[in-house]
Amino acid sequence: MTIELNMLALSVALGLIQIVTASHAASMQRGYRWAAGPRDEIPPPLTGIAGRLDRAVRNFLETVPSFAAAVLVAQIVGRHDWMTVWGVQLYFWARALYVALYAFGVPLIRSLAWNAATIGIALILFALR
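Just so you know, we're using the working numbering here: the sequence shown kicks off at 44 and counts up by one.
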């Protein structure tokens with residue numbers, strides 16, 4: 044398996060970890076009866092770490108489709124160079140850092156991590172030119 048596909052698989056794992064962590068944090072805040080119930084009523088917004096984890100996973104779900112598409116297109120056309128390798132690693136590690144920084148409420152540096160992950164996607168796309 045190429046490093047690009049390996050980092051894509053690791054990114055899927057990162058996403059699943061984020062979803063499970065955010066879900067448990069929400070359940071701890073709202074109660075497991077709420078989590079197991081029909082959720083018909085609109086609950087109050089999540090606060091603290093539960094809210095930050097929820098927003099981080101939502102942000103991940105906004106970026107990972109573009110990342111996955113770029114990686115898969117690079118694989119299909121047989122593009123494998125320093126830009127694809129650096130791009131996938133930059134995306135993954137910056138996203139891992141992003142969620143940690145968001146969970147702990149660190150501003151500004153979190154935004155730099157988001158930008159680094161976006162540059163990772165751009166590198167992959169630029170390699171396709």
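Beta carbons are placed, not taken as given, at the ideal position from N, Cα and C, and that holds for glycine.
Cut-off 7 Å between Cβ atoms - residues of its own chain near residue i, not counting five sequence neighbours on either side
i	result
residue 169	126
residue 152	144
residue 46	128 and 131
residue 107	54 and 58
residue 68	92, 93 and 96
residue 156	137, 140, 141 and 144
residue 159	133 and 137
8 Å CB neighbourhood of residue i in its chain, flanking five on each side removed
i	result
residue 99	61, 65, 141, 142, 145 and 146
residue 81	none
residue 70	77 and 78
residue 171	113, 116, 117, 120 and 122
Cβ neighbour criterion (16 or more within 10 Å) applied to residue i
i	result
residue 185	This structure gives no information on residue 185, because the portion of the chain shown stretches from 44 to 172.
residue 75	exposed
residue 114	buried
residue 148	exposed
residue 101	exposed
residue 112	exposed
residue 97	buried
residue 51	buried
Chain-order list of residues whose beta-carbon lies under 6 Å from that of residue i (same chain, five-residue window excluded)
i	result
residue 49	none
residue 109	164
For residue i, three-class secondary structure by DSSP
i	result
residue 123	coil
residue 108	helix
residue 172	coil
residue 85	coil
residue 100	helix
residue 151	coil
residue 71	helix
residue 44	coil
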